[in-house]
Amino acid sequence: MIDEKNVEKIFVALDRQILAAGGGCISLVVCGGTALTALGLVSRTTKDVDVLGSLEKGNIRKIGRFPIWLSEAAAKVAADFDLPANWLNLGPESQLDTGLPAGLAGRLEKKTYGRRLTVCFISRIDQIHFKLYASLDRGGYHVQDFFKLAPTESELLKACRWVLTQDVSAGFKTLLVSFLEQHGHEKLAGTI
Amino acid sequence: MKSSPEQFRDSLRESFLELLWRQWRTLGVASHGADAALAIDLEALILATAATAGQDGRLWNATLRWLAHFREWVNGARLKRMAAPFTSPDELLKKPLIKVDAWRQACAVLDPDSPTRMERARNAKTGRDLQPPRLRKPPLLQLFLRGIFGVNARAELILFLLAEGEGNSNQIARETHYDQKNVYVLLERWAGAGFIDRKKRGKQNLYSLKPGSKAFLPAEIGNKFWSWEPFFLSFGRLFFAVHSEPWRNDAYLLSSLFRSIHHDLLTLAKAAGIVLPDPQLLPGEDLFAAMAGALARIPDSF
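Pasting the structure below:
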């Protein structure tokens, strides 16, 4: 499992393995639980690293498929830290098709882990956007993460506006209003 | 217990090179120290020494001189078959364990038609620093058997049967680095001539030496371990890593390498009576210190 104690070690290890595999430099844009943990926003364990894409010249681009050297490096790290085989995955990459919160790339928080690997974690405000959407879509631990981020009313409003661009159905809007009311944001729910 | 990559490099280098010197000493290269205690595999030894050529030039030069004088003992075809994992880019380290120059030198000196070899042979004389191998030395059982049967698969088939007790033709061919069909034909001929026993187990024929067939051997020898190629491949990888970037000073990458070849190392450690730690219990570079101390001691036991 990945937590605040080993997240740094794991990314440093990935950098070393990329070097050993003869790989090139790469900047991965990471969201999800690992980003929350690495930035100290939420303290919890996670089993994987959700990669949104790569950062190239200030833009987030789709990776599609990891280069062989990165897959090999990730497999070694999996064995070294007892992580699942797909611990480094492109699960959220489809988010690039449906749209990101405006200005997300400019708010990325970069950390360099060695000579090859830079990880760009999505910022707290963008986590609020994604976690609100995930809370409505999937619920569960995403709801806990969302409230641990303690969004302000204005942050919540921005996030609400964005999630309504992700699913324009009337049913989804009803779900959002109900979620806000249920969690003490009746006033905001009334403005949506 | 060794705890840094530098200390591990020093102790591994010392123990591994001494193992190689011990075997070459037994073959007739003059140097101070004890002879090998276990049966030597000449082709595997050539490969292991070539893999360390950059770190011990004196040993490599002595090896080339030995090969120039006594190449008739080397099975060139077997050497080439066995060389593949040493001369191709290693799957874990991405580079060949034997540098191209060293391999070319070995091939040149072993090539009977090569002018380089002819020149070396003319110019080089055996002297106090190089003696012909004494075939009745127990660790030179392979050469003794080659002396009787010729430089072909027969010596290794007997070595295999002495060490393992029994085996089928596939297993024997794989472990002796010979073609399975040739091995099968030889074993069948020997079984037909009554030199070895053949028994059916399931769908396979298992071959073993007949009781009393060891009578022609020169002396008792600890021949339970003779399969040097896996040993030299594992330690060749370690030796390469501790002398190469990015592994040489990186406890994590070395730990990762230990983990990748742990299964092979476990077999060798067991044969040496050394206990290796369980890698499952030591994530990341936590494995390094526990493994490094144990690994550097393994060559001393052979």
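One line per chain: the protein sequences are Z and V, in this order.
Going letter by letter, the first sequence gives residues 174 to 365 in the numbering used here.
Going letter by letter, the second sequence gives residues 13 to 314 in the numbering used here.
Each residue gets a CB set at the ideal place from its N, CA and C atoms; glycine is no exception.
Asked	Found
Proximity below 8 Å, CB of residue 243 of chain Z to CB of residue 202 of chain Z	no
The stretch 180-192 of chain V in contact with the stretch 106-116 of chain V per 3-pair CB rule at 8 Å	no
Check whether residue 319 of chain Z and residue 204 of chain Z have beta carbons under 8 Å apart	no
Residue 143 of chain V in three-state terms, based on DSSP	coil
Beta-carbon proximity list for residue 187 of chain Z, same chain, < 8 Å, skipping 5 on both sides	246, 247, 250, 261, 286, 290
Candidates Z:234, Z:271, Z:175, Z:193: closest to residue 207 of chain Z by CA position	Z:175
Inter-residue Cα distance where the pair is residue 220 of chain Z and residue 256 of chain Z	7 Å
Chain Z contact residues for residue 111 of chain V, given Cβ-Cβ distances below 9 Å	Simply none; closest approach about 17 Å.
Cβ separation of residue 57 of chain V and residue 240 of chain V, assumed to be a contact under 8 Å, to the nearest whole Å	7 Å
DSSP three-state assignment for residue 129 of chain V, whether helix, strand or coil	A caution first: residue 129 of chain V carries a pLDDT of 49, below 50, which makes its placement in the model unreliable, though a value can still be read off. Looking at residue 129 of chain V - three-state DSSP - the assignment turns out to be helix.
Length of the line joining the Cα atoms of residue 129 of chain V and residue 120 of chain V	Confidence at residue 129 of chain V is low in this model, with a pLDDT of 49, below 50, so the placement of that residue is unreliable and no value is reported for it.
Residues that residue 369 of chain Z contacts on chain V, provided the C-beta gap is smaller than 7 Å	This structure gives no information on residue 369 of chain Z, because the portion of chain Z shown stretches from 174 to 365.
Residue 41 of chain V (DSSP reduced to helix, strand or coil)	strand
Residue-chain proximity (residue 248 of chain Z, chain V), Cβ-Cβ < 8 Å	no
Residue span of the beta strand (DSSP E) that contains residue 201 of chain Z, given as start and end	199-204
Residue 153 of chain V, DSSP secondary structure in three states	helix
Of the residues Z:270, Z:182, Z:209, Z:194, the one placed nearest residue 295 of chain Z, counting alpha carbons only	Z:209
Start-to-end residues for the beta strand (DSSP E) that takes in residue 228 of chain Z	222-229
Exposure of residue 145 of chain V, with buried meaning 16 or more beta-carbon neighbours within 10 Å	buried
Among V:291, V:200, V:118, V:52, the one whose alpha carbon lies nearest that of residue 244 of chain V	V:52
Beta carbon proximity, residue 296 of chain V to chain Z, threshold 8 Å	yes
Contacts of residue 178 of chain Z in chain V (Cβ-Cβ under 8 Å)	Simply none; closest approach about 11 Å.
Classification of residue 216 of chain V by the beta-carbon crowding that lies within 10 angstroms, buried from 16 upward	exposed
Inter-residue spacing [alpha-carbon to alpha-carbon] between residue 24 of chain V and residue 294 of chain V	21 Å
Backbone secondary structure at residue 68 of chain V - three-state DSSP	coil
Members of the stretch 19-47 of chain V near chain Z, C-beta cut-off 7 Å	none
4-residue-minimum alpha helix (DSSP H) runs that sit fully inside the stretch 221-276 of chain Z, ordered along the chain	241-254, 268-271
Segment limits, beta strand (DSSP E) that includes residue 219 of chain V	216-221
Cα-Cα separation, residue 323 of chain Z to residue 264 of chain V	38 Å
Short CB-CB distance (under 8 Å) between residue 271 of chain V and chain Z	yes
Partner residues on chain Z for residue 268 of chain V, Cβ-Cβ distance less than 9 Å	186, 189, 190, 193, 249, 250, 252, 253
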